[in-house]
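Sequence order for the protein chains is D and X. When you line the first sequence up against the numbering used here, it's residues 1 to 170, in that order. When you line the second sequence up against the numbering used here, it's residues 171 to 756, in that order. Beta carbons are placed, not taken as given, at the ideal position from N, Cα and C, and that holds for glycine. For clarity, every value in this text was computed on a predicted model and none was experimentally measured.
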Amino acid sequence: MSTEDAAERHTIAVLVDNEPGILARVVGLFSGRGYNIECLTVSEVDHEKALSRITLVTAGTPMVIEQIKAQLNRLVPVVAVRDLTDEGNHVETELALVKVTGKGEHRVEALRIADIFGAKVDDTTLESFVFRLDGQTEKVDRFISLMRPLGLCEVARTGVVAISRGKESI
Amino acid sequence: MSNEMTGSEILLRALVEQDVEVIFGYPGGAVLPIYDALFQQNSLRHVLVRQEAGAVHAAEGYARSTGKVGVVLVTSGPGATNAVTGLTDALMDSIPIVCLTGQVPTHLIGNDAFQEADTTGITRPCTKHNYLVKDIKDLSQVVHEAFYVAKSGRPGPVVIDLPKDILQGKGGYTAAPREPRKSYRPQVKGDIRQIETAVELIAKAKRPLFYCGGGVVNSGPRASQLLTEFVRMTGHPCTLTLMGLGAFPASDKQYLGMVGMHGTYEANLAMYNCDVMVNIGARFDDRVTGKLSEFSPNSKKIHVDIDPSSINKNVRADVPIVGDVGHVLEDMMKVWKARQYSPERKALGEWWKRIEEWRARDCLHYERNDKIIKPQYALECLRDRIIGREDAFITTEVGQHQMWAAQFLPFEKPNRWMTSGGLGTMGYGLPAAMGVQVAHPDALVIDVAGESSILMNIQEMSTLAQYRLPVKVFILNNEYMGMVRQWQELLHGGRYSESYMESLPDFVKLAEAFGAVGLRASKPSEVGDLIDEMLAVDKPVIADILVDKAENCFPMIPSGAAHNEMLLGPDDQAAKPISEEGMVLV
Ligand SMILES: Cc1cc2nc3c(=O)[nH]c(=O)nc-3n(C[C@H](O)[C@H](O)[C@H](O)COP(=O)(O)OP(=O)(O)OC[C@H]3O[C@@H](n4cnc5c(N)ncnc54)[C@H](O)[C@@H]3O)c2cc1C
Ligand SMILES: Cc1ncc(C[n+]2csc(CCOP(=O)(O)OP(=O)(O)O)c2C)c(N)n1
Ligand SMILES: [Mg+2]
């Protein structure tokens with residue numbers, strides 16, 4: 001395996017038959033072969049055909065990325081594998097719920113920044129907010145780091161979901 | 171409903187529909203319903219092994235020697251966990267197996283019930299695919315699909331975990347579907363443009379080499395025939411991997427012997443120096459490539475493989491072709507003929523001249539001795555007595571004896587050589603030989619063994635006795651884990667830590683205890699007669715050949731070294747110390 005090449009980050013969409021153990025197969029493949037998973041999301045997308053979609057973000061040299069896709073394709077319940085990064089044009093987003101606690105100035109500032117980011121307030125008490133924010137990973141990261149000095153206390157993130165632009169489909 | 175059957179009956183009917191004739195198995199609580207159903211029918215034979223590991227290796231031997239799927243039946247818990255080594259072995263060597271495992275009833279799964287193991291969890295990474303049947307409605311289709319998955323594409327082991335309530339429940343049978351599963355359709359036809367590019371490269375090559383492997387054997391006997399025709403058509407040299415032996419006739423002048431760590435000098439130097447490498451169904455294993463950064467530095471590489479994950483995994487292919495060996499070779503020959511290609515005779519002539527010089531080094535040469543039996547000599551004696559016999563099948567255990575068998579025994583046809591290549595499982599050879607003999611009752615089946623390996627599944631001698639399977643166990647007894655001893659000599663200053671086999675059994679008496687015939691040779695002059703006697707006996711035999719305890723297996727490319735840094739014999743060994751990088755490799 002060529003190790004000289006630099007690692008690249010790729011977003012890969014995997015369409016799978018929704019059957020028991022499929023997530024374990026995919027995750028086991030990554031841990032067993034020493035590949036990175038930066039994040040992984042999974043949900044059923046077609047109830048009638050019992051199809052689920054896994055979106056995962058991984059990093060590796062081009063040769064490793066090629067291996068990852070080939071290995072995923074070998075799994076019997078895998079219907080399709082798409083490298084959205086290679087295909088270029090795609091929409092990528094994730095959702096975060098961010099709990100911030102505090103009083104006074106910090107509280108006001110947190111709300112102001114949330115407004116700038118277009119985050120929604122999903123819950124509030126006199127001493128806390130739960131913000132809901134979606135968007136690209138970098139935006140969510142930035143929001144969270146801004147909240148840190150303002151009383152950030154808990155974060156839940158979905159990880160990335162992604163889909164190609166235009167009329168083509170998986 | 172009148173056509174309702176029990177789960178066990180559905181299972182057996184599906185096996186019959188899948189052309190199964192023999193099951194290798196071992197009973198237990200969770201599979202009693204299947205054993206009860208087996209008792210009441212006559213279409214399927216059952217071979218009762220003595221340990222479940224033996225069942226899987228036997229099924230591997232059966233599968234590799236017939237091209238059919240090998241079938242295993244074991245109980246839940248320990249039955250299933252004992253099968254794990256064999257399943258991993260079959261996965262590494264691409265052997266089609268369907269392994270039926272018993273499971274506790276569905277309502278107890280997850281309860282730490284008696285003899286419960288998470289079989290699908292444990293076997294997920296060591297099978298091509300696995301199933302847990304939770305509804306009897308799915309049972310027949312799962313069995314049909316399991317066979318399809320096991321044998322199509324790159325073959326491999328498949329586990330079906332069968333809870334006891336499913337086996338005892340009632341349901342209907344459905345026949346195998348015409349259309350296979352949508353999400354699994356291996357590509358068998360290669361891309362014709364790529365094939366054309368490849369053939370052009372082959373035709374214009376000045377220093378070509380065919381490097382062919384187990385994929386040719388997997389593809390079926392016709393693939394070997396096509397390969398032989400194509401290689402002869404081109405006049406190019408051909409080397410085989412350990413798993414590929416027999417895919418091209420060993421007696422052919424164009425054959426250079428095995429490639430890789432213990433391959434021949436000529437094959438490895440041809441690999442190093444070639445300008446076009448035609449990889450047909452081999453996977454650039456580390457035993458073959460040696461140091462990757464210096465692997466065949468100046469060649470364009472064509473790689474034909476049915477599994478896209480084998481391509482560009484270790485070595486980048488210039489012309490990747492995804493497809494079945496047989497189909498691709500057929501197209502390659504069509505292109506060759508249609509375009510009226512002919513080999514580059516002049517360049518080829520020079521290339522062959524160089525190869526012949528390498529060949530003249532006679533790298534398999536060993537020092538003969540008239541007092542001590544050299545292991546190579548014992549194998550030469552065996553070779554002389556089986557040469558030309560189409561019905562001779564060889565299995566091996568793992569170690570030096572395995573490499574010598576690969577170097578010295580002649581394989582003219584595929585499916586005659588069964589060895590554990592990818593996993594290197596000691597204890598493989600005896601049960602595998604048993605499976606071969608079950609498939610070919612009248613054939614000559616020999617397990618070339620080491621005294622250490624043979625003890626790992628020696629219990630199967632009892633199975634041989636029960637089914638009158640006249641397997642010959644040919645032990646090259648050096649009283650050492652010879653391969654380990656050799657590495658300790660080369661890499662660890664000759665400190666032979668735990669590699670001497672103390673307190674070995676008397677193999678002649680052991681044979682007799684198992685109802686077999688025991689033979690022993692301790693002098694070179696006795697070996698020939700011993701083999702004659704061994705071949706004449708219509709019973710299982712253990713032949714204990716007391717060989718040189720210190721012999722090392724050469725040639726050898728030490729790990730971390732390149733093909734042109736090969737050790738040819740004991741004299742080289744001292745001259746070329748092993749690098750530190752090499753020391754960490756296996
Ligand atoms: C002690 C020891 C020493 C060893 N030393 C050596 C050595 O010196 N030399 C050596 O060669 N090996 C050696 N081995 C074996 C080695 O570890 C590998 O098992 C072996 O090299 C792999 O052989 P292969 O490349 O033919 O691949 P296989 O493991 O046989 O794989 C077959 C390939 O073909 C593909 N394939 C399967 N079916 C088809 C089809 N129908 N069409 C197209 N492609 C298909 C598969 O996808 C796979 O990529 C040694 C093993 C041991 C235990
Ligand atoms: C199950 C298993 N355990 C350990 C090993 C490591 N190993 C490889 S070869 C070998 C020694 C084999 O000794 P023997 O069967 O006597 O063969 P020899 O090398 O002496 O011919 C060992 C221990 C292995 N391959 N398989
Ligand atoms: Mg030994």
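DSSP beta-bridge partners of R690 (chain X) | X:D714
7 angstroms CB neighbourhood of K709 (chain X) in its chain, flanking five on each side removed | Correct list, in chain order: P640, A686 and V687.
Count the CB pairs spanning the region 637-657 of chain X and the region 704-721 of chain X that are closer than 8 angstroms, and state whether there are at least three.
-> yes
With distances taken between CB atoms, is the gap from E38 (chain D) to V57 (chain D) smaller than 8 angstroms?
-> yes
Contiguous beta strand (DSSP E) assignments of at least 3 residues, all confined to the region 540-627 of chain X | 562-566 and 614-620
Cross-chain neighbours of N482 (chain X) in chain D, by beta carbon under 7 angstroms = What N482 (chain X) touches in chain D: M63 and E66.
Between the region 350-363 of chain X and the region 417-436 of chain X, do three or more beta carbon pairs fall short of 8 angstroms?
-> Judged by Cβ distances under 8 angstroms, the region 350-363 of chain X makes no contact with the region 417-436 of chain X, as fewer than three pairs qualify.
Under 7 angstroms from any heavy atom of ligand 1, does the C-beta of Q395 (chain X) make it?
-> no
Can you tell me which of the three DSSP states L634 (chain X) falls into?
-> helix
Starting from I472 (chain X) and walking both ways along the alpha helix (DSSP H), at which residues does that stretch end?
-> Element bounds for I472 (chain X): not the alpha helix (DSSP H) but the beta strand (DSSP E), K470 to D475.
Rounded to whole angstroms, how far is the Cβ of E94 (chain D) from the Cβ of G159 (chain D), which I believe are closer than 8 angstroms?
-> 6 angstroms
G28 (chain D) CB to nearest chain X CB: under 8 angstroms?
-> yes
Tell me whether R183 (chain X) sits in a helix, a strand or coil according to DSSP, three-state version.
-> helix
In terms of alpha-carbon separation, which member of X:I525, X:T566 and X:S322 lies closest to V495 (chain X)?
-> X:S322
Output yes if chain X places a C-beta closer than 8 angstroms to the C-beta of R216 (chain D); else output no.
-> Residue 216 (chain D) cannot be examined here, being either before or after the span of chain D that is shown, 1 to 170.
What residues in its chain sit with their C-beta under 8 angstroms from that of R25 (chain D), if we drop five residues either side in the sequence?
-> L75 and P77
Could you give the DSSP three-state label for P327 (chain X): helix, strand or coil?
-> strand
Could you tell me which of X:P601, X:C551, X:A508 and X:F380 sits nearest to A233 (chain X), measuring between CA atoms?
-> X:P601
Any beta-carbon of chain D closer than 8 angstroms to the one on D477 (chain X)?
-> yes
Going by Cα to Cα distance, which pick from D:T124, D:E154 and D:E92 is closest to T137 (chain D)?
-> D:E92
Counterpart residues of I768 (chain X) in DSSP-defined beta bridges | Since the first residue shown for chain X is 171 and the last is 756, residue 768 (chain X) is missing from the structure and cannot be characterised.
Does the Cβ of E464 (chain X) lie closer than 7 angstroms to at least one heavy atom of ligand 3?
-> Every heavy atom of ligand 3 is 7 angstroms or more from the Cβ of E464 (chain X), so no.
Are the C-beta atoms of P584 (chain X) and some chain D residue less than 8 angstroms apart?
-> no
Looking at the structure shown, is F418 (chain X) part of a helix, part of a strand, or coil, going by DSSP?
-> coil
Check whether E436 (chain X) and I525 (chain X) have beta carbons under 8 angstroms apart | yes
Spatial neighbours of N468 (chain X) in its chain, beta-carbon cut-off 7 angstroms, leaving aside the 5 residues before and after | D445
Simplified DSSP assignment, three categories, for K504 (chain X) | helix
Skipping 5 residues on each side, what residues in its chain have a beta carbon closer than 7 angstroms to that of I624 (chain X)?
-> E567, L600, V643 and I645
Going along chain D in order, which residues have a C-beta closer than 7 angstroms to the C-beta of H299 (chain X)?
-> V76
Is it the case that the Cβ atoms of G231 (chain X) and T589 (chain X) are separated by a distance below 8 angstroms?
-> No. Outside cutoff.
Of all Cβ atoms in chain D, is any one closer than 8 angstroms to the Cβ of K352 (chain X)?
-> yes
Start-to-end residues for the beta strand (DSSP E) that takes in Y536 (chain X) = Element bounds for Y536 (chain X): n/a, residue is neither H nor E.
Of all the options X:N300, X:L337 and X:V241, which has the alpha carbon lying nearest to the alpha carbon of L181 (chain X)?
-> X:L337
Can you name, in chain order, every residue of its own chain whose Cβ lies under 7 angstroms from the Cβ of G182 (chain D), other than the five neighbours on each side?
-> No information on residue 182 (chain D) is available, as it lies outside the stretch 1 to 170 that chain D covers here.
Taking Cβ-Cβ distances shorter than 7 angstroms, what residues in chain X pair up with K32 (chain D)?
-> The residue you asked about is not Lys; residue 32 (chain D) is Gly in the sequence shown. The answer, in chain order, is P295.
4-residue-minimum alpha helix (DSSP H) runs that sit fully inside the region 43-104 of chain D, ordered along the chain = 62-74 and 84-87
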